[in-house]
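Read through the structure below, which is laid out as structure tokens, and then see the notes.
2 protein chains.
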Amino acid sequence: MEAYPLGTRRVAQIGIVVRDIEAASAAWARLLGCKVPKWHWTEAYEEARTEYEGQPTPARAKLAFFRLENLDIELIEPDDQPSTWRAWLDEHGEGVHHVAFEVDGMAAHTEALTQAGLRLIQRGEYTGGRYAYFDGASSARAVIELLENDRP
Amino acid sequence: MEAYPLGTRRVAQIGIVVRDIEAASAAWARLLGCKVPKWHWTEAYEEARTEYEGQPTPARAKLAFFRLENLDIELIEPDDQPSTWRAWLDEHGEGVHHVAFEVDGMAAHTEALTQAGLRLIQRGEYTGGRYAYFDGASSARAVIELLENDRP
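Protein chains in written order, with the UniProt record's numbering: chain A, 1 to 152; chain B, 1 to 152.
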């Protein structure tokens, strides 16, 4: 692990919470001059093991990804179950929810971000990896996501 | 100009509005394991020619930039004059304000974004270039900034 909390200086993803993933995807596809990507549901609790504010939650979201030259833009339409996505949408409305960094060693980086004053708000698993969101209110002034993808 | 409104699929910058640029810069420097960058004021009206919601405004902001591997993170501490930065901070609090794309041909891209349903909310000049912010509420679901830098 690099000797600083994020361990990387490359932004992997910008995550945007939306109310209607099909409308938002069509709009981004128009702006970027590309095809509308297919959206998919995040996995069910049995696979995702989503925890929000320390509690298990059945929350899921529809996700769509735009692969830009230097990062991904992720659109997220949450369901109505408790999650940082749903809370964000209810509190702030549609908009940028997080800035994501890909790390190697989720546990060590989670500890390092916590030491740096960021608070873990949600985490979960997906096929081939895992994520964690951190409240950066008193640090980055933005929600930071860590992503870890298992090596094939 | 590329035949799609943004004309590029590379994100140049993520802009974060903050209340205290020194505290926010110190936090990001810690997360990224780098030096704290010096902040500077945006230029005064005579140079910046800032327009917010179609009206001239003396608004200025303190800016600090982190040069990451694949884009810049810009921290913005607005003054109290009318601007999209100040309005964002008052309405949403600290957080990601915009996603920026660098274009070639500000007028043509402004027209293209307007045609795509984004509304120009603020624009201005800086030494060597100009910027424009667009409300993407009914499109990108985020504020989009266009940057144009004059070729040396």
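Think of the CB as a built atom: it goes at the ideal place given N, C-alpha and C, for glycine as much as any other residue.
As the structure is a computational prediction, the values presented were derived from the model and not from experiment.
- Cβ contact annotation for GLN81(B) (same chain, cutoff 6 Å, sequence separation greater than five): THR57, PRO58, ALA59, in chain order.
- Assigned with DSSP and collapsed to three states, ASP90(B) falls in helix.
- Interface annotation, ILE144(A): in contact with chain B, CB-CB separation under 9 Å.
- Here GLN55(A) is exposed, its C-beta having fewer than 16 other C-beta atoms within 10 Å.
- Under the Cβ criterion of 9 Å, ALA27(B) is counted among the residues facing chain A.
- Between GLU94(B) and ALA24(B), the C-beta gap is smaller than 9 Å, which places the two residues in contact.
- A Cβ of chain B is located within less than 9 Å of the beta carbon of ASN70(A).
- With a 10 Å radius around the Cβ and a threshold of 16 neighbouring Cβ atoms, ALA107(A) comes out exposed.
- Taken in chain order, the unbroken stretches of alpha helix (DSSP H) that lie wholly in the UniProt domain "VOC" (10 to 149) of chain A and span 4 residues or more are 21 to 32, 45 to 48, 84 to 92, 106 to 115.
- Of the candidates LYS38(B), GLU43(B), VAL143(B), VAL143(B) places its Cα closest to the Cα of ALA100(B).
- Nearest to SER138(B) by alpha-carbon distance, out of ARG30(A), LEU6(A), LEU63(A), VAL11(A), is ARG30(A).
- Sequence-ordered contacts of the region 9 to 25 of chain A with chain B read ARG9, ARG10, VAL11, ILE14, ILE16, VAL18, ALA24 [C-beta pairs closer than 7 Å].
- In chain order, ARG30, LEU31, GLY33 make up the part of chain A whose C-beta sits under 8 Å from the C-beta of PRO5(B).
- Taking 9 Å as the cut-off, the Cβ atoms of ARG9(B) and CYS34(A) count as close.
- Straight-line measurement puts the Cα of GLU77(B) at about 14 Å from the Cα of PRO37(B).
- For TRP85(A), the CB contacts under 6 Å within the same chain, skipping 5 residues up- and downstream, are VAL17, ALA61, ILE76, PRO78 in chain order.
- Scanning ASP104(A), ARG130(A), ILE121(A) for the CA closest to the CA of PRO5(A) turns up ASP104(A).
- Taking C-beta atoms as the reference points, ARG141(A) and ALA27(B) count as a pair closer than 9 Å.
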